[in-house]
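The listed protein sequences correspond, in order, to chains A and B.
When you read off a place in the first sequence, starting at 1, and then add 195, the result is the number in my numbering.
When you read off a place in the second sequence, starting at 1, and then add 354, the result is the number in my numbering.
For every residue, glycine included, the Cβ atom is placed at its ideal position computed from N, Cα and C.
Given the structure is predicted, the values throughout are model-derived calculations rather than measurements.
Below is one structure, written out as structure tokens; comments come after it.
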Amino acid sequence: SQTIHQWPATLVQPVGSPLSLECTVEGTSNPNLYWYRQAAGRGLQLLFYSVGIGQISSEVPQNLSASRPQDRQFILSSKKLLLSDSGFYLCAWNLQENTPANEKLFFGSGTQLSVL
Amino acid sequence: GENVEQHPSTLSVQEGDSAVIKCTYSDSASNYFPWYKQELGKGPQLIIDIRSNVGEKKDQRIAVTLNKTAKHFSLHITETQPEDSAVYFCAGPGSYSSASKIIFGSGTRLSIRP
């Protein structure tokens, strides 16, 4: 069965410090991978998605970047965090095949990031 | 691009009563309509979905209805229980060609009053 791992679960970082959040998927190959951000009490904002190694699409201009060094690894980074980067970050995956099953998104457990 | 609007943003119902959450979409090519439930401090989980070839789908106390003419789909929860308290999201666009860019509604915070 497929599983998705996301860590750390919580993170407190000072303004201006770097960030690295990691997400890995097991039990599937060549998935679509996603990073979403959720501000407190708000909806899910799509930040990045990737359809393959080294292929990253950015949805909103921001202080963050994403990388996919391996097929099932997705990393969210920042060189210098801002206060506005605080939020709940969610990694997700789905199948790439053009079938009815490919739209079901599976989410990780999230990382609560507080920038102080 | 696809636009998904979800209402209401918050909903409070008495335990045992029903709850209804509605989403409207703009892409007429959409053919997949899912609902996700997010409990506090966790990632969203798919709870029910429907495809455009049917108008309604039920799974125990939850159901989803689809009106393709009006471009809206709704989540219905009957006999609500405390564990139904969560944030619920609909998602679009639901067409295979754009499956790599799934956009969510703004969410509905459902509270069940004892």
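Span of the beta strand (DSSP E) around residue i
| i | result |
| --- | --- |
| glutamine 250/A | 250-253 |
| tryptophan 289/A | In the sequence on display, residue 289/A carries asparagine and not tryptophan. Segment 282-289, the beta strand (DSSP E) holding asparagine 289/A. |
| glutamine 257/A | Segment: none, glutamine 257/A is in no beta strand (DSSP E) and carries neither H nor E. |
Residue-level contact to chain B via CB, residue i, 7 angstroms cutoff
| i | result |
| --- | --- |
| glycine 282/A | no |
| serine 304/A | yes |
| leucine 206/A | no |
| glycine 222/A | no |
| glycine 238/A | yes |
| leucine 216/A | no |
Chain A within 7 angstroms of residue i, Cβ atoms only
| i | result |
| --- | --- |
| leucine 400/B | yes |
| phenylalanine 427/B | no |
| serine 382/B | no |
Same chain, Cβ closer than 8 angstroms to residue i, five either side skipped, listed in chain order
| i | result |
| --- | --- |
| arginine 263/A | Leu228, Ser245, Gly247, Ile248, Gly249, Gln250, Ile251, Phe269, Ile270 |
Under 9 angstroms from the C-beta of residue i: neighbouring residues of chain A
| i | result |
| --- | --- |
| proline 388/B | Glu298, Lys299, Leu300 |
| serine 439/B | Here the premise fails: no neighbours, minimum Cβ distance about 14 angstroms. |
Other residues of its chain near residue i: CB distance less than 6 angstroms, five sequence neighbours each side excluded
| i | result |
| --- | --- |
| serine 212/A | Leu276 |
| valine 302/A | The question names valine, but residue 302/A is phenylalanine in the sequence shown. Closer than 6 angstroms at Cβ, skipping near neighbours: Leu285, Ala287. |
| phenylalanine 458/B | Phe443, Ala445 |
| phenylalanine 283/A | Gln233, Gly305, Gln307 |
Contact list for residue i against chain B, beta-carbon separation under 7 angstroms
| i | result |
| --- | --- |
| leucine 285/A | Gly397 |
Chain A residues whose Cβ lies nearer than 8 angstroms to that of residue i
| i | result |
| --- | --- |
| serine 460/B | Arg237, Gly238 |
| phenylalanine 456/B | Reading the sequence as shown, one finds isoleucine at residue 456/B and not phenylalanine. Going along chain A in sequence order, the residues near isoleucine 456/B (Cβ under 8 angstroms) are Tyr229, Leu241, Asn289, Glu298, Leu300. |
Residues near residue i by beta carbon distance below 7 angstroms, same chain, minus five either side
| i | result |
| --- | --- |
| threonine 378/B | Glu359, Lys425, His426 |
(Q) Give the list of continuous beta strand (DSSP E) stretches no shorter than 3 residues that lie fully inside the region 361-421 of chain B. (A) Restricting attention to beta strand (DSSP E) runs no shorter than 3 residues, the region 361-421 of chain B encloses them at 364-368, 373-379, 386-392, 399-405, 410-413, 416-421, ordered along the chain.
Q. Can you list, in chain order, the stretches of the beta strand (DSSP E) that have 3 or more residues and sit fully within the region 218-248 of chain A?
A. Within the region 218-248 of chain A, the beta strand (DSSP E) runs of at least 3 residues that lie entirely inside it are, in chain order, 227-233, 240-247.
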